[in-house]
Structures are given as structure tokens and as C-alpha cells.
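Those sequence lines, one after another, are chains W and S. Numbering of the first sequence is given in this note's numbering, commencing with residue 484 and proceeding in unit increments. Numbering of the second sequence is given in this note's numbering, commencing with residue 484 and proceeding in unit increments. Even for Gly, the Cβ is constructed at its ideal location relative to N, Cα and C. Predicted, not measured: the structure shown is a model, and the values here were computed from it.
2 protein chains.
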Amino acid sequence: MRSVEPEAQAADRTARARIRDAAIDRFAVEGFGTSVRTIAADAGVSPGLVMHHFRSKDGLRAECDQYLLATIRRLKRENVRIAAAGQTFFQRFASAEENAPVLGYVLRSMQDGGPLAREFIAHMVDDAVGYAREGVAAGALVPSRDEAARARYLTLSSLGALLLEMTLDPPSDPRDLAGIVRRYLATSYLPMLELFTEGYLTSRRVLDEYLLHLPDTEGS
Amino acid sequence: MRSVEPEAQAADRTARARIRDAAIDRFAVEGFGTSVRTIAADAGVSPGLVMHHFRSKDGLRAECDQYLLATIRRLKRENVRIAAAGQTFFQRFASAEENAPVLGYVLRSMQDGGPLAREFIAHMVDDAVGYAREGVAAGALVPSRDEAARARYLTLSSLGALLLEMTLDPPSDPRDLAGIVRRYLATSYLPMLELFTEGYLTSRRVLDEYLLHLPDTEGS
DNA sequence: TAGTCTGCTGAACATGCGTTCAGTCGAACC
DNA sequence: GGTTCGACTGAACGCATGTTCAGCAGACTA
């Protein structure tokens with residue numbers, strides 16, 4: 484009888500919600516290695532209470548994942564319309580102060596490889612497929628031979644680059660996701676746009692050759 | 484007086500080298516959280532000896548980093564010529580059996596964000612700049628307004644995507660880097676080639692607008 | 001008032017970690 | 001042979017962690 488209750492809509496009164504929020508924040512800022520004691524202290528609570536409400540640290544994380552997933556779904560329902568290029572998604576996502584811990588948590592999750600990360604990526608890829616379809620229909624985007632593969636590739640490379648950049652030199656303030664994304668785009672937006680509008684290779688040779696050899700489809 | 488000696492050229496006789504190699508392998512396969520005891524057991528040695536040779540676990544890792552960096556420089560000196568597109572680099576790198584732990588270690592290092600990762604990325608970006616220059620000169624590659632930024636972007640997004648893919652669903656055999664890269668390219672090579680030769684956006688509008696607003700050059 | 005139940009505490013436990021250290025072994029030197 | 005020195009062992013230390021548990025306080029019910 485300890486499933487996720489619909490408590491704490493707006494006020495973070497209950498200790499349970501306080502613990503959950505503290506955990507999300509700590510996990511986002513310093514990773515999942517954060518100790519239960521630290522989270523408890525943040526929430527102004529004893530370590531024992533954490534185990535009382537969630538059965539274990541993994542239980543805590545599971546509930547955080549679940550809560551974040553619900554939050555993300557809600558945010559996405561609000562932000563139905565996104566520019567065709569799809570990159571401003573980050574800007575919008577990170578700019579809202581409320582969302583900062585959410586994105587931070589998701590990025591940590593990606594570094595860690597949990598199920599939340601898989602789910603989140605799947606959502607983003609689905610979205611990207613949708614935007615690509617609209618973009619192609621509107622004539623704004625070049626069609627692909629495999630829209631799903633392209634959407635996945637674009638999503639993974641964008642997120643992967645951002646993640647890698649963050650890991651290589653971590654931001655001074657891990658909470659300022661907007662600043663992080665801004666810093667990332669400051670150096671990456673130009674080459675990205677160049678690549679998207681002018682391409683990289685001058686000849687079709689490599690692509691055509693690959694397409695010829697393609698029928699030997701090997702596995703998934 | 485405990486700097487890196489030029490010992491153990493070919494034979495892994497000395498316990499010191501055995502520990503180092505075991506550490507590299509464990510670090511590559513299961514990350515830097517591996518315990519000293521496990522590494523010692525792999526090398527058929529007591530935990531104490533690890534501390535005797537390297538002063539601490541960090542000392543061990545530092546020496547691994549240094550050793551890997553030297554190895555990478557050597558490998559690169561051998562592989563001077565790489566295709567213009569630059570992606571086959573992984574294939575070549577990963578295909579050599581000898582290099583598998585090297586790439587694995589480097590990838591782990593990137594997940595972790597150590598100085599080795601920074602150095603390695605810097606090398607790759609430098610290389611990419613060189614290849615791009617050659618490619619542009621030969622007319623095979625579209626020139627960029629900022630070759631350094633493009634090289635960095637392409638490197639980070641390729642590596643980031645590979646890393647993210649690996650984190651999201653880890654390979655059954657983390658040692659089989661060639662298989663991992665093959666699996667990655669199986670789904671990503673087509674969209675990558677499409678993007679490189681046909682682009683993504685049909686209109687120059689977004690790029691041109693960005694270029695107009697650019698003169699407020701912020702940073703490098 | 002007595003009983004009970006729930007949120008909650010904080011000391012204690014068990015475990016695994018990096019690290020230390022007293023001491024053994026064997027070879028090299030005088 | 002005696003001495004010294006470096007490689008090496010393995011038990012032990014100190015610490016941080018996740019987790020447990022006996023018990024407390026206060027608000028309900030009867």
C-alpha cells in the first residue's frame with residue numbers, strides 16, 4: 484500500500500515530497516552516488532525516514548524516475564509545438580526555471596543508463612519523427628530514406644554531444660541548464676546549421692555506394 | 484623515484500605491468516568503480532602490492548591514463564592516413580584486437596570526464612581539423628566558416644552518440660568494440676551519410692539569419 | 001483516560017571500500 | 001654467513017555507505 488499517491492500537488496508540505504524533491508535535486512546536481520544521509524539532511528529529515536517512506540535507495544530513485552516521467556509528459560503536453568529544426572527544444576526546456584532539475588536529472592540518468600533515460604530518448608525520437616514528417620510535408624526538410632533512423636541519429640548525436648561537452652568540462656553551476664545549453668550552442672550552432680543546410684560531402688559517391696551495398700541488410 | 488619506467492616492452496612478466504594491464508581491462512569493462520581488490524585478484528597479486536607500486540588507486544589510474552595516452556599516440560603515428568569522412572576511424576581503431584581495451588578505457592574515461600578524455604578529444608579534434616583541411620583542398624568536403632568549430636562539433640556528436648547508444652543499452656560483450664561500433668554504424672551510417680551529402684534543411688534561411696546576428700561574437 | 005497507529009528519530013549494524021603496516025621471502029652484496 | 005634491500009603478503013584499520021530497529025511524540029479512536 485505504498486504506491487505513488489497523488490499527494491503534494493503544489494505545496495511541498497509532506498516530508499515524503501520534500502525527500503523526493505531533495506533527492507531529485509541532489510541526483511541532478513551530483514549524480515546518483517549521493518548518499519541517503521545527504522538527501523535526508525537536505526529535506527530536514529532523518530535517514531531512517533527515507534527508508535520508511537521508500538523501502539530503499541533504489542526505491543527512492545524509482546519513485547523519482549516515475550515522478551520525473553510524469554512531469555515530462557505533462558511538460559510535453561504543454562509544449563506541443565516546437566520549431567522544425569528541433570534544437571530550440573533544449574532552449575525552451577531549459578529556460579523554464581521550474582524545469583531545470585528535470586533536465587539535470589534526465590541528463591544524469593543518461594550518463595547512468597537507467598530505464599528513465601531509455602524512455603526519455605524514445606519519447607524524444609518519437610517527437611523528432613513527428614516534426615520531421617511535418618517538416619518534410621511542408622517542404623522545409625529534406626526527406627530521408629529511413630525517417631526513424633534519422634530521427635534517432637539526430638536525437639542521439641545532439642544529446643550525446645551536449646552530454647559529452649558537459650562531462651568534459653563541467654559547468655560551474657550545474658543548476659543553470661539554460662546557461663549550459665547556451666554555452667553549448669554558442670560553439671555548436673554554426674557548424675550544425677552549416678551541416679544542415681550545406682552538407683559536408685561535395686560528392687554523392689559515398690552515399691550512393693553505401694546504398695548499393697545496402698541490400699545485404701545485416702541484422703537490426 | 485617512482486615515475487613511469489620503460490619496462491615491460493612485450494612480455495608482461497613484472498607484477499607491476501600485470502597490475503596495470505588488469506586495471507586497464509577492468510576499468511574499460513566495468514568502469515572506474517572497480518575495487519583495488521578485484522584488480523589485484525585479476526593480476527594474481529595481493530591488494531597491498533597495488534599500493535606498494537602505485538601509491539594509491541588514483542596513482543594507479545594516473546599511470547593507466549599516462550600509459551594509454553602513450554599507446555594512443557603510437558597507434559596514431561601508425562595510422563596516419565584516414566579516410567576523409569573520418570568515421571571509419573572507429574572501425575579501424577576498434578578492429579585491431581590489441582586496441583579493444585584502449586578504446587574501452589577511453590570511452591569509460593569520457594563517461595567519467597577525466598583529463599585523459601579531454602586530451603583524447605583534443606587529439607581527435609586536431610586530427611579532424613587536418614582531415615577537413617585536406618578534404619576541402621581536394622574539393623571533397625564543403626568548406627566551413629569555422630573549421631575548428633566544425634571539427635569539434637563533428638567529433639563530439641559522433642563520439643557522444645556512440646557513447647549514449649552504448650549507455651542506453653550496454654553491449655553483451657563490452658570487450659567486443661568492433662561489434663559495438665558495427666552495431667552503431669548499422670543504424671546510424673545511413674542517416675549520417677544522408678545528412679552529410681543531402682543536408683537536412685531545404686532553405687538557407689535559418690543559417691543566413693544566424694549569420695546576420697552573428698557579429699555579436701561571444702567568446703572564441 | 002487508555003489504546004493504538006503513524007510519522008519520525010537516531011543510534012547501531014553489516015558491508016565494502018581505500019589504505020596501512022608488521023612481517024616474510026629471496027636474491028644480491030660484502 | 002651475515003646483512004641489506006625490495007618485492008610481496010594478508011590481516012587489520014578507519015571510514016562511508018545502505019539499511020535496520022527499538023522507541024518516541026502526537027493525533028486520532030473508543
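Here the C-alpha atom of GLU648 of chain W lies approximately 11 Å from the C-alpha atom of ALA600 of chain S. In summary, GLU546 of chain S is buried, with 16 or more beta-carbon neighbours lying within 10 Å of its beta-carbon over all protein chains present. Put simply, the backbone Cα of LEU673 of chain W is about 36 Å away from that of TYR550 of chain S. Contact with chain W is found for THR650 of chain S, since one of that chain's Cβ atoms lies less than 8 Å from the residue's Cβ.
Looking at the backbone, the Cα of SER655 of chain W and that of PRO698 of chain W are separated by about 49 Å.
LEU684 of chain S sits in a strand when the DSSP states are folded into three classes. A direct Cα-Cα distance of roughly 35 Å separates ALA506 of chain W from LEU660 of chain S. Here the alpha carbons of LEU690 of chain W and ASP610 of chain W stand approximately 26 Å from one another. Look at LEU697 of chain W here: in three-state DSSP terms it is coil, with no helix or strand label. Within 10 angstroms of the beta-carbon of ALA583 of chain S lie 16 or more other beta-carbons, which makes it buried.
Contact check for GLY516 of chain S against SER640 of chain W fails: the beta carbons are separated by 8 Å or more. Using beta-carbon distances, GLY622 of chain S counts as an interface residue toward chain W, with a partner under 8 Å.
According to the DSSP assignment, ASP610 of chain S belongs to the alpha helix (DSSP H) that extends over 598-620.
A direct Cα-Cα distance of roughly 7 Å separates ILE502 of chain W from ILE522 of chain W. A distance below 6 Å between beta-carbons, with the five flanking residues on each side excluded, links ASP548 of chain S to the following residues of its chain, in chain order: LEU599. Using a CB distance cut-off of 8 Å, PRO674 of chain S counts as an interface residue toward chain W. With a threshold of 8 Å between beta carbons, VAL625 of chain W makes contact with chain S. Not flagged as an interface residue toward chain W: GLN549 of chain S, since no C-beta distance is shorter than 8 Å. Judged by DSSP secondary structure, THR650 of chain W falls within the alpha helix (DSSP H) whose first and last residues are 630-651. For ALA615 of chain W, the closest of W:ALA634, W:THR650 and W:ALA524 by C-alpha to C-alpha distance is W:ALA634.
Contact of PRO653 of chain W with chain S is assigned, a C-beta pair being separated by under 8 Å. Under the Cβ criterion of 8 Å, TYR588 of chain W is not counted among the residues facing chain S.
Contact note: GLY682 of chain W reaches chain S through VAL625, PHE679, THR680, GLU681 and GLY682, using a C-beta cutoff of 7 Å and chain order. When DSSP reads this structure, LEU624 of chain W sits in a beta bridge with S:LEU684. At a cut-off of 8 Å between beta-carbon atoms, ARG628 of chain S makes contact with chain W. Shortest Cα-Cα distance from GLY531 of chain W to any of W:ARG499, W:LEU678, W:PHE679 and W:ARG688 involves W:ARG499. Here the alpha carbons of ALA623 of chain S and ASP508 of chain W stand approximately 48 Å from one another. In the three-state scheme derived from DSSP, where H, G and I count as helix and E and B as strand, PHE679 of chain S is classed as helix. Spatial neighbours of GLN594 of chain S in its own chain (CB-CB distance under 8 Å, excluding positions within 5 residues in sequence) are listed in chain order as GLY514, LEU646 and THR650. Using a Cβ-Cβ cut-off of 8 Å, TYR614 of chain W does not count as an interface residue toward chain S, since no Cβ of chain S sits closer than that to its own. By the beta-carbon neighbour count (other beta carbons within 10 angstroms, threshold 16), LEU637 of chain S is buried. Around the beta carbon of ARG591 of chain S, a 10 Å sphere encloses 16 or more other beta carbons of the protein chains shown; the residue is thus reported as buried.
At a cut-off of 8 Å between C-beta atoms, ALA632 of chain W counts as an interface residue with respect to chain S.
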